[in-house]
C-alpha cells in the first residue's frame, strides 16, 4: 500500500489482484471514489473555513532609489498551526523562494514589520538601496514548529531614479464660471512612514489630504482642492507637486502634474481705447476700439453715448469712428457672447474747445443803490481751463477795459452799469453777454417842457410836462409856481394844464421815487400882453406923436445954431438960455436961469 498526499489529503493506494476477486476490486473502487469526493469537498471547506498556508502581496512595487519602501503583506496558515503564532515569530525576505533564516538576505526587525500574530507581514525597508531589482519572497519562522516559506507569491521590486507619476482627476477641466470644482491629485506612496508632500499651485481654495489604500493594499497620497471656477482661472495652468524625501541623505525629488482649465465666462475687462489718444480739438474725428476677455469669443459689440442719465445707441462693431464735440464726449461699449453681456466703463474723451457759455454774475444780486460796491464774477465752460479773464464797460458803442481776473470789484452809477467779460484759453476767446446792473437812484435830469412852446398870449392855456431819469420809476410828480421867494403847490402828475398871466409865469416840478426827490430848474413862460386901447385910430396916433416929436427936435436944433452966430455975449457975462425953434416972443419959452455977473 502506498500513501499519496494530494491537497493535504492522504490517499491509500492498494494493489488488488486483477484476476481474482474482480467484484471486490470494483466494489473497492466505487467506495474509494465516493470517499475521495467526500474528502475533497471536506478539504476545500476546511481550506476555506480553517485556512491554509497562503500569502497576499502586490505583484510589483516601484521603489525610489535611496528612499524607504513598505511592502503590504498578509498571510494565512494551516489551522493546525495557528496556535504557534506568537511573539517569537519573525519575518524574512529573500530573492529566491527556497531559503531559511540563515541565508535570508533581508532580516527586518519587529519595528518594521506588521503584527505577525495577526497574520500581518507588512514590512518597511528604510533604505531601498539594500534591495535589488528582483522578486522577493516571504518566510515565517517561529521558535516552535511553525516555519514556512511562502513560495506561492512574491513581489517584484523595481528601483527607479525618478519619482513615480502623479494622477490628476479630472485630467481636463471645462466648466462655466461659477461652477464648484474639486481637483484630486494622487501620488503613489511607496513608503508609508514618509509619504510625499503635495502642494497646489496656485492654491485656489481649501485642500484636504488623505493616505488611501489601493486594491492591492499599496497606498497613495491624495489631496483634494475645492474652489469656484472663475474667469481668472481660464488658460492658467493648475499644477500639483509631490516632494519625495530620501533616507540616504541625497536631495529630495519632485514630481508634477498639471492641467489648463477651460472656463466659459461672459465678457470681462472690457475697455475702450481712443485714437488719437490725448486731447483732441472739438469736432475732430476719432476712432473708438472696444476690447475684452471672453470665452467663447465676443460675437457682438455695441456702442453707446452717455448724455447724463440717458444712453443713446450709436453703432456696432469692434471699432467706431465718430466726430466729437464738447457735448458728446462720454462713450461706452457692450460686449456679448453666448454666456452673457459685459459693459465697459464710460470713457471721457478730452475734447478741447474755446470758452463757451460765458456768464457774468453780480453780488449782491438784484437792485443796488447808486455808488454801491458790487463784485462781478465771470464763469465759463472751457477745455483747457481759461487762462485769462478781462473786463469791459460798455458805454454805448464804446467799450473800455476796466480790469482782469475772474472777479472784479467796482462802484456802480446810473451811467456806468453795463459790463461784460472775455474768457481766453489756448484754443480761443469767448465773450459774455452784456449785463445790466440794476442801479437805483433818485430822479435826475428833471426838465419841464411847455406846449405850445415859445411866447404865448396872456391868459392862454398851456400844458406843462415834467420828465426825468429815475430808477425805480418816479411814483409822484408835484408842480409849483414861484412868486419871488414864495413857492406855491399848484398840482400833481406828469403834466399840468394852466392859464398864464403876465405876473404868473415862473414854474418848476419835483419828481419822487423810493430812493429820493429831485427838482427841476424853474421855467419862465414868455407871456405877452397888448398896450392901452385907442380905438380904431390907435395906430395912427402913435405915428403922429412920433412925427411931432421929431419935428420939434429938428427946429430947436436949427434955432440954436443961428443964435450962436448973431449974439456975442460980453466976456464978463455968462448967459444961459433954452433954445427953441419958435420965436422968442412965444410964451411957450422961458429963461431957465441967468447967471449974475461976476464982480
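In the UniProt record's numbering, the protein residues as written are 1 to 599. We treat Cβ as the ideally placed atom computed from N, Cα and C, and that holds for glycine. Keep in mind that this is a model prediction, so the values were computed, not measured.
Do the CB positions of residue 442 and residue 515 come within less than 8 Å of each other? The criterion of a C-beta distance shorter than 8 Å is satisfied by residue 442 and residue 515.
Status (buried if at least 16 other CB within 10 Å, exposed otherwise) for residue 177: By the beta-carbon neighbour count (other beta carbons within 10 angstroms, threshold 16), residue 177 is buried.
Beta-carbon separation (whole angstroms), residue 283 vs residue 325, contact threshold 8 Å: 6 Å
Let me check one thing: in DSSP terms, what residues is residue 444 bridge-paired to? 469
Cα separation between residue 197 and residue 242? 5 Å
To the nearest angstrom, report how far apart residue 124 and residue 224 are at their CA atoms. 27 Å
Whole-angstrom distance between residue 90 and residue 1, CA atom to CA atom: Any reading at residue 1 must be qualified, since the residue scores a pLDDT of 37, below 50, and its modelled position is unreliable; the value itself is stated next. Cα-Cα distance, rounded: 40 Å.
By a C-beta neighbour count over all protein chains shown, 10 Å radius and 16 as the cutoff for buried, is residue 417 buried or exposed? Its Cβ being crowded by 16 or more others within 10 Å, residue 417 is buried.
Beta strand (DSSP E) runs wholly inside the stretch 237 to 277, at least 3 long, in chain order: Every beta strand (DSSP E) of 3 residues or more that sits fully in the stretch 237 to 277 is shown, in chain order, as 238 to 244, 253 to 259, 262 to 275.
What do you reckon, are the CB atoms on residue 488 and residue 480 nearer than 8 Å? yes
How many Å lie between residue 362 and residue 396 at the Cα? In this model, residue 362 and residue 396 are separated by some 21 Å (Cα to Cα).
Given residue 306, which residues of its chain have a CB within under 6 Å of its CB, disregarding the five upstream and five downstream residues? 330, 346
Assuming the contact rule is C-beta atoms closer than 8 Å, residue 381 and residue 404 should be a hit. Round their C-beta distance to whole Å, please. That pair is no contact at about 20 Å.
Is it buried or exposed for residue 337, if we count other Cβ within 10 angstroms and need 16 for buried? buried
Taking C-alpha atoms, which residue in 358, 221, 96, 122 lies nearest to residue 187? 221
Identify which residue in 360, 513, 218, 457 has its Cα closest to the Cα of residue 471. 513
Could you round the C-beta distance between residue 349 and residue 280 to whole angstroms and report it? I think they count as a contact, below 8 Å. 7 Å
Going straight from the alpha carbon of residue 194 to that of residue 240, what length do you get? Looking at the backbone, the Cα of residue 194 and that of residue 240 are separated by about 18 Å.
From 175, 249, 141, 269, pick the residue whose C-alpha is nearest to that of residue 68; which is it? The shortest Cα separation from residue 68 among 175, 249, 141, 269 belongs to 249.
Provide the residue(s) that pair with residue 302 in DSSP beta bridges, ordered along the chain. 316, 334
Based on the DSSP secondary-structure assignment, which residues constitute the bridge partners of residue 510? 478, 519
When 524, 184, 495, 58 are compared against residue 484, the one with the closest alpha-carbon: 524
Sheet register partners of residue 369 (DSSP bridge): 440
Which of the three DSSP states is assigned to residue 484 in this structure? coil
Under three-state DSSP, which class holds residue 55? strand
C-beta contact flag for residue 450 and residue 462 at 8 Å: yes
Could you round the C-beta distance between residue 419 and residue 376 to whole angstroms and report it? I think they count as a contact, below 8 Å. 6 Å
Quick one: Cα of residue 494 to Cα of residue 378, how far? 41 Å
Look at residue 384 and residue 425 and say whether their C-beta atoms are less than 8 Å apart. Yes, they are a contact pair.
For residue 599 and residue 556, I'd like the C-alpha separation in whole angstroms. With a pLDDT of 43 at residue 599, under the threshold of 50, the modelled position of that residue is not reliable, and the figure given next carries that caveat. Looking at the two C-alpha atoms, the distance is approximately 33 Å.
How should residue 231 be labelled, buried or exposed, when 16 other C-beta atoms within 10 angstroms of its C-beta is the threshold for buried? buried
I'd like to check one pair, residue 304 with residue 332: are the Cβ atoms closer than 8 Å? yes
Spatially closest choice to residue 74 from 551, 58, 120, by CA coordinates: 120
Is the beta carbon of residue 122 less than 8 Å from the beta carbon of residue 72? yes
Is the shortest distance between the beta-carbon of residue 142 and the beta-carbons of chain D less than 8 Å? Chain labels in this structure do not include chain D; a single protein chain is all it has.
Return the first residue and the last residue of the beta strand (DSSP E) that residue 359 is part of. 351 to 363
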